[in-house]
Structure formats: structure tokens, C-alpha cells
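Using the numbering used here, the first residue of the sequence shown is number 2, and each one after it goes up by one. Comments concern the structure below.
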Amino acid sequence: MSPAYKTPEQVERWHKRHCARCGRHGWFAARWPDGYVCRTCHDKALRVRGCCPDCGGERVLPGIRPGDGALICPDCADFMTSYRCSRCGHEGKLHGGRLCTRCTLADKLAELLDDGTGRIRPELVPLGELLLTADSPLSILTWLYMRTGKTGSAEDLLRRLGRGEIGLKHEAFHTLQPWRAASHLRELLMACGILPAIDKQICLFEGWLTGRLASVSDPEHRQIVRRFATWEVLPKLRARADRRPLTPGSRKYAADQVKRAASFLEWLADHDRTFATCGQVDIDLWHVEHKEHERNTIRPFLLWCQNVKLTRRFRLPSPPTRRAAPLSQNERLDLLGQLLTDDSLPLRSRVAGIIVLLYAQPCTRVVRLTVDDVVHENGQVRLRLGEPPSPVPAPFAELLLAWIDNRDNMNTGTNHGSRWIFPGRRAGQPLHPFALSELINDIGVPTTASRTAAIRQQVLEMPAPVVADALGYHQVTTTKLAAEAGGTWSRYAPGDPTRSPAGWTPRGTGDS
């Protein structure tokens, strides 16, 4: 037991030393044969496992052998302290009661998920097993102790879940705050099968919608906005989610439609107008006063109001379409060369950037790629973006396979078995498209311009329908791009244009 102390001098005398490993002065965690070690070096050393070069046992290797500095086990290093768990015997960092991290986590989960009978609530047993079997139990334990004692912390939400104060249905999470913590817990419950799986973006939108509706002060306005969101916005989101996973951009655009509907109703009230008295002049005035994005996002609401007979018929301006200027082919090739050869750039960013530059894929599709989409056939690597899978050039294939073997975010609570090529931190979720886009932009690759340049080059080199099938585009899109780029491949029949027709024999040129 540490001696009592009352003054800074006593603290310095009893509890602070220079670390023998890193040389920093501060609180020491242990005294080992090579000297005092700080908490950082102590925990880092106990994470190293392997074969002890002295005794040949598979142990933790916190000791340092005098002379050559080889890492050795505690026994061979003459440690006076054992680092074996008092419950399971696992060797590693110990917590209270001389328990290992996993046993400490098991006790903490049993406490938080207790239904009041001294056992884990039966419905939550899969959640407990999911968290307890994570590859990195320390990351789960750290998550449980974040903001401990505060309302809305992971500890608080799990305890309320165990006591039944939070229902096991999606609607129960709409009003929970903070919404990020509630969303993460909701994803964990879906990952272990306690809640039925629904699209993550719909979960986020529903949670956001509850708070947004509560902020609309006028009861009549709130009712109209709720009807619009419930019968127009949400059904379209769900229909899109049935076809393919929603993107964060889709959710944000839907949220902007709801926000714009509420602000339009406030604008009418400020101008002493209602739906009954609103005319074409008011619609034109609103469009003049607001920016392009606001005009685009109010359009679905005004069309819906006309369809359900809340307003008279209006003439609405058509939304403009814009497209970013592509890179030149030389710029695209220079960027590809840099990403293939510059080892100073992060591997994740390089792989993602090359997928955009080679295959014209948006970040929303890149993050949905899984390791199962990387196909090995006859010694060649192919990437399944459509049908047939696209060949991967040898230099990029090496980078892609190296990244798959060393992916980030694989030690979070539920991602230890993730199949995503770009796994995120959330349970079973890939990296956020916005985050991936920023990573690519940070290394000097403009995503939109790069994708446009890549698809234009593809349709110049191959028939537009072939490009559409191989890269997951619609044929109308690639055909239009081919026409804009000056390509006319789509008028040719499919086949190998370099092969002569059967039975054709070249005629002499008359030179011989």
C-alpha cells in the first residue's frame, strides 16, 4: 500500500521517477529489473506476446535481456510480480482484483446489463457475448468508462437497457440523447440480432426527425411537416434503401427537405400568408430571395402540397444540372503514378484513390466494397464492381492485397470479423463516405474530377454498354458520356475489333 502524503514534495518522493524505458519524469506504474517504468511503457510492454528466446514459452514479453536487448518473459527477466489473471490465468495487463482485461469486462457487463435479479437480462445475452468476444476487450472497456457517471454515457444507456427502461424496439431510440451514443448502441443491437436490421441512414434520419419536429413551435406547421416527412420523405428513403444502402448524402438531402418545408411555412407566416392565400407571386418571391440549394430542396415539398390539395397549382422552376470539370488524361495518369509509387502516403488513402482514378467509382460505392468483391482467378486479381469483374493491374493488385491484410479499425467492438475493405469504427459499418472522400482529397486527388476523368476515358476506350455493366453504371449515363466525349463505340456490335472475320483473306496490295 502506498504511504500517505500531504505535500508535493512527498508526492515527488514516493510516486514519481524517471522512466527507464522512455526517460520521461512522472508517475511510475511498476519497478522492473531495468528500473521504474511509466504507465505508458508498462502497458505497451504487456501487449507484446511471442516466443521467449530464453525459455521458448509463448508468453507476454515485457522484460529486456541485458546485452542484446531481446524481449523476454517475466520469469526469465526475474520479475517479482506475476501478470497472470487470478481467475482465468491469462497473462497480460491486470486490473482491479488482479483480473485480466477480459475478465474485468465480463464483470462490468454483468453489472450493467443486470435486470435486477443478479443476472444479465435474457434478451441482452447476445449483446454481452458480442462485446465480450471482441478482439480488443480493452477498447470495449475504455468505451464503457467514457463519460462515466453522466446521463447518456455508454454505461448509463446499458444500465437502463438492462433494467428495461429502454425498450428493445427502434422507436425507443428516437428520443435518446446524445444521439451519437444512442445510434452506436442501436447498431450494436442490430449487429447481434436483438433489433431487426434496418438501414443506418434511416435510423439516423428518424432520430433527427423527432428532435426537428419538436423544435417547430406552431402546432399547425408541425402537423404539416410531420405529414410531409411521414408520407413523402420517409417512404422514398425506405424504397431507395430496399434497392441499395443509402448514402449519408441521401439522408442529408432528405433532412434538408424537411428543414426547408418548416422554414417555408415560417416565411409565409412572416409575410402574413397561409397555404390558402399563397399565390404564384409568393412562390416566385421566395425563389428570388433564396439560394439554389434552398430552391432545389423546397421543390419536393411544394409538389407534395399540390398533390394532396393543400395549395393551388404553381409553376416551379426546373432545377439546374451541373457537372465538375474532369482532370486531363495526363493529370489523371500522373496522380495514378504517384499513388502507386509514393510510400509516404497512407496506404488506405492510396488504395481508395486508385479505385476512384481507375474505375470511376464514387466514394459511396467504394466504402460498400467487401473483401469478397476481390476475386482471385487463374493467378489474376479482379475487382467486382459490376459484371464481369474488372481486372486489377499488377502494381495496384499488390497494394490492394496488402491493405486487405492490414486494414484499420479491425479491433473495434464488432469489426474484428469485418468484410468491408474500408471498415469504420461503428459496429458492422464501413467507413463513412465523407471521411473517405476527405482522406482522398488530403493526398491531392479531387474525387469528383478524378471520377469524371476516369469514366470519360473508359467510354472512349470501350463501348458504353460494356463500361456500364463492368463498372456498375446505367447504360444511359455511359452512352451520354460517350457522346459528350466524342466516342462512338456504342454503334459497334460487341466482339473483338482486332480479330478478322472468319474466312476473310487480305488481298494483295499490288506492291509485289
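Backbone N, C-alpha and C fix where the C-beta goes; we use that ideal spot for every residue, glycine too.
Could you give the DSSP three-state label for cysteine 77: helix, strand or coil?
The count along the sequence shown starts at 1 and reaches residue 77 at position 76. Three-state result, cysteine 77: coil.
Return the CA-CA distance between tryptophan 490 and glutamine 459, expressed in angstroms with no decimal places.
Along the sequence shown, one-based indexing puts residue 490 at 489. Along the sequence shown, one-based indexing puts residue 459 at 458. Reliability fails at tryptophan 490, whose pLDDT of 48 lies under 50, so the model's placement of it is uncertain and no value is given.
Which residues mark the beginning and the end of the beta strand (DSSP E) in which phenylalanine 29 is found?
Taking the sequence shown and counting its residues from 1, one reaches residue 29 at position 28. Phenylalanine 29 -> beta strand (DSSP E) spans 26-33.
Going straight from the alpha carbon of proline 197 to that of methionine 191, what length do you get?
Here residue 197 corresponds to residue number 196 of the sequence shown, with the count starting at 1. Here residue 191 corresponds to residue number 190 of the sequence shown, with the count starting at 1. Going from the Cα of proline 197 to the Cα of methionine 191 covers about 6 Å.
Could you have a look at glycine 90 and say whether DSSP puts it in helix, strand or coil?
The residue you call residue 90 lines up with position 89 of the sequence shown. DSSP places glycine 90 in coil when its eight states are reduced to three.
Taking only the alpha-carbon atoms, compute the straight-line gap between glutamine 122 and leucine 114 and give it to the nearest angstrom.
For the purposes of this step, residue 122 is taken as residue 121 along the sequence shown, with counting starting at 1. For the purposes of this step, residue 114 is taken as residue 113 along the sequence shown, with counting starting at 1. Looking at the sequence shown, residue 122 is not glutamine but arginine. Approximately 6 Å, taken between the alpha carbons.
Could you name the residues of the same chain whose beta carbon sits closer than 6 Å to that of arginine 40, not counting the 5 residues immediately before and after it, in chain order?
Taking the sequence shown and counting its residues from 1, one reaches residue 40 at position 39. Taken in chain order, the residues that qualify are Ala30.
Should cysteine 23 be labelled buried (16 or more other beta-carbon atoms within 10 Å of its own) or exposed?
Taking the first residue of the sequence shown as position 1, residue 23 is located at position 22. With fewer than 16 other Cβ atoms within 10 Å, it is exposed.
For histidine 16, which three-state DSSP category applies?
Taking the sequence shown and counting its residues from 1, the one referred to as residue 16 is at position 15. The answer is helix: DSSP assigns histidine 16 an H, G or I state.
What first and last residue would you give for the beta strand (DSSP E) that runs through aspartate 38?
Position 37 of the sequence shown holds residue 38. Per the sequence presented here, residue 38 reads as valine, with aspartate not at that position. Per DSSP, valine 38 belongs to the beta strand (DSSP E) from 36-39.
In terms of residue numbering, what span does the alpha helix (DSSP H) encompassing glutamine 458 cover?
Here residue 458 refers to the residue found at position 457 of the sequence shown. Counting along the chain, the alpha helix (DSSP H) containing glutamine 458 begins and ends at 448-462.
Does the Cβ-Cβ distance between tyrosine 1 and alanine 454 come in under 9 Å?
The displayed coordinates of the chain run from 2 to 513. Any statement about residue 1 would go beyond what the structure contains.
Going by other Cβ atoms of all chains shown within 10 Å of its Cβ, with 16 needed for buried, is arginine 103 buried or exposed?
Along the sequence shown, one-based indexing puts residue 103 at 102. Counting Cβ neighbours within 10 Å, arginine 103 comes out buried, since at least 16 surround it.
Got a sec? Which residues, its chain only, sit under 8 Å from alanine 182 by beta carbon, not counting five neighbours each side?
Taking the first residue of the sequence shown as 1, we reach residue 182 at position 181. Once the five neighbours on either side are set aside, the close Cβ partners of alanine 182 are Gly153, Ser154, Ala155, Leu158.
Which residues in the same chain have their Cβ closer than 8 Å to the Cβ of tryptophan 287, if we skip the five residues on either side of it in sequence?
In the sequence shown, counting from the first residue as 1, residue 287 sits at position 286. For tryptophan 287, where only same-chain residues beyond five positions count, the Cβ hits under 8 Å are Phe265, Trp268, Ile299.
Taking 6 Å as the limit between beta carbons, can you name the residues of its chain near histidine 222, skipping five residues before and five after?
To locate residue 222, count along the sequence shown from 1; it is residue 221. Contacts found: Leu266.
In its own chain, which residues sit with a C-beta less than 7 Å from the C-beta of aspartate 374, not counting the 5 before and 5 after it?
Against the sequence shown, residue 374 aligns to sequence position 373. So the qualifying residues of the chain are Leu384, Arg385.
For the pair the segment 425-442 and the segment 330-350, tell me if three or more CB-CB distances fall below 8 Å.
Counting Cβ pairs under 8 Å, three or more are found: they touch.
Quick check on serine 3: does DSSP put it in helix, strand or coil?
Translated into the one-based positions of the sequence shown, residue 3 becomes position 2. Since pLDDT at serine 3 reaches only 49, below the 50 mark, its modelled position is unreliable, and the value read off the structure follows with that caveat. Here serine 3 sits in coil by DSSP.
With a threshold of 8 Å, are at least 3 pairs of Cβ atoms found where one atom belongs to the segment 272-283 and the other to the segment 234-243?
The segment 272-283 is not in contact with the segment 234-243.
For arginine 18, which option in Thr8, Glu10, Tyr37, Pro9 has the closest C-alpha, if you only look at C-alpha atoms?
Within the sequence shown, the letter at position 17 stands for residue 18. With distances taken between Cα atoms, arginine 18 lies closest to Tyr37.
Three-state secondary structure (DSSP) at threonine 143?
One-based indexing of the sequence shown puts residue 143 at position 142. Reduced to three states, the DSSP call for threonine 143 is helix.
Taking 9 Å as the threshold (C-beta atoms), are leucine 95 and leucine 110 in contact?
Walking along the sequence shown from the start, residue 110 turns up at place 109. Walking along the sequence shown from the start, residue 95 turns up at place 94. Contact flag unset, no.
With 16 other CB atoms within 10 Å as the buried threshold, where does histidine 272 fall?
Position 271 of the sequence shown holds residue 272. Histidine 272 comes out exposed.
With DSSP as the reference, label proline 392 as helix, strand or coil.
As a first step, residue 392 must be located in the sequence shown, where it is residue number 391. In the structure shown, proline 392 sits in a strand (DSSP, three-state: E or B).
What residues are listed by DSSP as bridge partners for proline 320?
Counting from one through the sequence shown, the residue named residue 320 turns up at place 319. Looking at the DSSP assignment, proline 320 forms no beta bridge with any residue, so it has no partner.
Using alpha carbons as the reference points, say which of Val468, Ile405, Asp343, Ala450 lies closest to proline 389.
On the sequence shown, position 388 is the one that residue 389 refers to. Nearest C-alpha to proline 389: Val468.
Do you know whose CA, among Thr231, Glu166, Tyr254, Ala173, lies nearest glutamine 202's CA?
The count along the sequence shown starts at 1 and reaches residue 202 at position 201. Residue Tyr254 is the option with its Cα nearest to glutamine 202.
Using 8 Å for Cβ pairs, my map puts serine 87 next to leucine 100. What's the rounded Cβ distance?
Within the sequence shown, the letter at position 86 stands for residue 87. Within the sequence shown, the letter at position 99 stands for residue 100. That pair is a contact at about 6 Å.
Quick one: Cα of proline 179 to Cα of serine 216, how far?
Stepping through the sequence shown from its first residue, residue 179 is reached at position 178. Stepping through the sequence shown from its first residue, residue 216 is reached at position 215. So the alpha carbons of these two residues sit roughly 16 Å apart.
According to DSSP, simplified to helix, strand and coil, what is arginine 349?
Here residue 349 corresponds to residue number 348 of the sequence shown, with the count starting at 1. The answer is helix: DSSP assigns arginine 349 an H, G or I state.
Using the Cα positions of leucine 303 and glycine 150, report the straight-line distance between them to the nearest angstrom.
In the sequence shown, the residue the question calls residue 303 occupies position 302. In the sequence shown, the residue the question calls residue 150 occupies position 149. So the two alpha carbons sit approximately 47 Å from each other.
Using 8 Å as the threshold, is the segment 223-233 in touch with the segment 164-175, meaning 3 or more CB pairs across them?
Touching, no, given that fewer than three Cβ pairs across the two stretches are closer than 8 Å.
Looking at the unbroken beta strand (DSSP E) that takes in histidine 377, where does it start and where does it end?
By one-based count along the sequence shown, residue 377 stands at place 376. Residues 375-378.
What does DSSP give as the partner residue(s) for glutamine 381 in the beta ladder?
Sequence index remark: in the sequence shown, residue 381 carries index 380 (1-based). Beta-bridge pairing links glutamine 381 to Glu378.
Along the chain, where does the beta strand (DSSP E) containing glutamate 59 start, and where does it finish?
As a position in the sequence shown, residue 59 is number 58, starting the count at 1. Element bounds for glutamate 59: 59-61.
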